[in-house]
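Novice: Per my numbering, residue 1 is the first one in the sequence shown, and the count goes up by one each step.
Yeah, the Cβ is synthetic: ideal placement off N, Cα and C, and Gly gets one too.
Have a look at this one before I ask anything.
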Amino acid sequence: MVVLAEPRQVVAPGELLAEGDHLLGENSYKIGNQIYSACVGLLEVDGNRVSVVPLKGGYIPHVGDIVGGRVMDIGLSGWTVDILAPYVAMLPASETEGPRGPRRRDLSEMFDVGDMVMAQVLSFDRTRDPLLTAKGPGLGKVSSGRVIQIQAAKIPRLIGRKGSMISMLKRETGCQISVGQNGIVLVWGRSPEGERVAVEAIYMIEREAHMRGLTDRIREMIAKSPRMEEEVAKQAP
1 MVVLAEPRQV
11 VAPGELLAEG
21 DHLLGENSYK
31 IGNQIYSACV
41 GLLEVDGNRV
51 SVVPLKGGYI
61 PHVGDIVGGR
71 VMDIGLSGWT
81 VDILAPYVAM
91 LPASETEGPR
101 GPRRRDLSEM
111 FDVGDMVMAQ
121 VLSFDRTRDP
131 LLTAKGPGLG
141 KVSSGRVIQI
151 QAAKIPRLIG
161 RKGSMISMLK
171 RETGCQISVG
181 QNGIVLVWGR
191 SPEGERVAVE
201 AIYMIEREAH
211 MRGLTDRIRE
221 MIAKSPRMEE
231 EVAKQAP
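Written out as structure tokens, the structure is:
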């Protein structure tokens with residue numbers, strides 16, 4: 001088993017990535033025992049799996065994805081939600097927390113047109129629009145914090161290997177961060193300054209996703225933020 005390109009290296013479509021008994025990951029294809037890149041992106045090697053993280057690209061839903069979406073319309077039994085995909089998503093009333101049956105409140109009292117919601121993709125097979133659920137921790141109407149949007153292709157870099165980048169961001173800024181696979185990110189923290197620094201760091205990750213040493217630069221940027229230094233000093237015993 002031989003990997004012919006360096007991990008985190010920018011690769012081009014058709015570029016040979018590895019030879020031998022490797023597992024095929026996302027955005028790559030295999031001819032014989034050779035694995036090639038299917039797009040422009042960053043090479044990722046996780047154990048025996050070879051993948052490419054695209055530098056650009058839209059969002060295609062997958063079952064289990066957490067997504068952020070804007071309510072577009074209200075129907076008789078649920079909501080139409082824009083999840084920044086080629087497909088409009090449906091959120092049935094039965095997939096939300098609350099009363100059921102004929103006594104159910106007017107749907108607009110739960111989610112109105114224009115509301116932002118965090119939801120999970122329940123089913124999708126490209127023959128029907130994605131079906132969402134808002135049942136579960138952290139899902140439902142977004143009523144606080146800051147909502148930002150980055151390229152969906154950069155979400156894996158924001159999360160990092162085994163969650164390393166997002167864990168560092170939460171720890172260093174003191175913010176809670178909910179990441180949608182479609183590029184919608186919700187940030188809320190103890191202070192407006194913490195939220196501001198977290199948002200700035202997220203945009204920096206989006207801009208520099210292809211560069212090496214990004215985690216260290218992000219940590220340094222957060223540490224050098226004057227107001228964050230004050231926050232740390234206040235929390236010190």
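I believe E95 touches L132 by the beta-carbon criterion, under 8 angstroms. Please report the beta-carbon distance rounded to the nearest angstrom.
Specialist: The pair is a contact, with the Cβ atoms about 7 angstroms apart (cut-off 8 angstroms).
Novice: How many Å lie between G20 and A209 at the Cα?
Specialist: Whole-angstrom Cα-Cα distance: 28 angstroms.
Novice: How would you call A223, buried or exposed, if buried means at least 16 neighbouring beta carbons within 10 angstroms?
Specialist: That one is exposed.
Novice: Of the choices I31, E172, S178 and S28, whose alpha-carbon is the least far from that of G140?
Specialist: Checking every option, the nearest Cα to that of G140 belongs to S178.
Novice: Can you give me the start and stop residues for the alpha helix (DSSP H) that G194 sits inside?
Specialist: P192 to R207 is the span of the alpha helix (DSSP H), which, as asked, contains G194.
Novice: Work out the CA separation of A119 and S28 for me, nearest whole Å.
Specialist: Whole-angstrom Cα-Cα distance: 29 angstroms.
Novice: Check E95 in the structure and name its three-state DSSP category.
Specialist: Here E95 sits in helix by DSSP.
Novice: Please report how far the alpha carbon of R104 lies from the alpha carbon of M72, in whole angstroms.
Specialist: For R104, the predicted structure reports a pLDDT of 49, less than 50, and the residue's modelled location is therefore unreliable. The matter cannot be settled from this model.
Novice: Quick check on the DSSP output: the alpha helix (DSSP H) that includes M168 runs from which residue to which?
Specialist: Run containing M168: S164 to T173, per the alpha helix (DSSP H) assignment.
Novice: In this structure, what does DSSP give as the bridge partners for P28?
Specialist: A quick correction: the sequence has Ser, not Pro, at residue 28. Paired residues: S37.
Novice: Could you name the residues that DSSP lists as bridge partners for I148?
Specialist: The partner list for I148 (beta bridge, DSSP) reads V185.
Novice: Going straight from the alpha carbon of I148 to that of G32, what length do you get?
Specialist: Distance between the alpha carbons of I148 and G32 is about 43 angstroms.
Novice: What residues in its chain sit with their C-beta under 7 angstroms from that of K30, if we drop five residues either side in the sequence?
Specialist: Excluding positions up to five away in sequence, the list reads L24.
Novice: Given a threshold of 16 other Cβ atoms within 10 Å of its Cβ, counted over all protein chains shown, does T173 qualify as buried or as exposed?
Specialist: T173 should be labelled buried.
Novice: Should R157 and I218 be called a contact, given that it needs their Cβ atoms to be closer than 8 angstroms?
Specialist: Cβ distance not < 8 angstroms, so R157 and I218 don't count as in contact.
Novice: In angstroms with no decimal places, state the Cα-to-Cα distance between S225 and V11.
Specialist: Straight-line Cα distance between these residues: approximately 34 angstroms.
Novice: Just to check, is the beta-carbon of R207 closer than 7 angstroms to a non-hydrogen atom of the ligand MN?
Specialist: Within the structure as shown, the ligand MN is missing, as the structure has no ligands at all.
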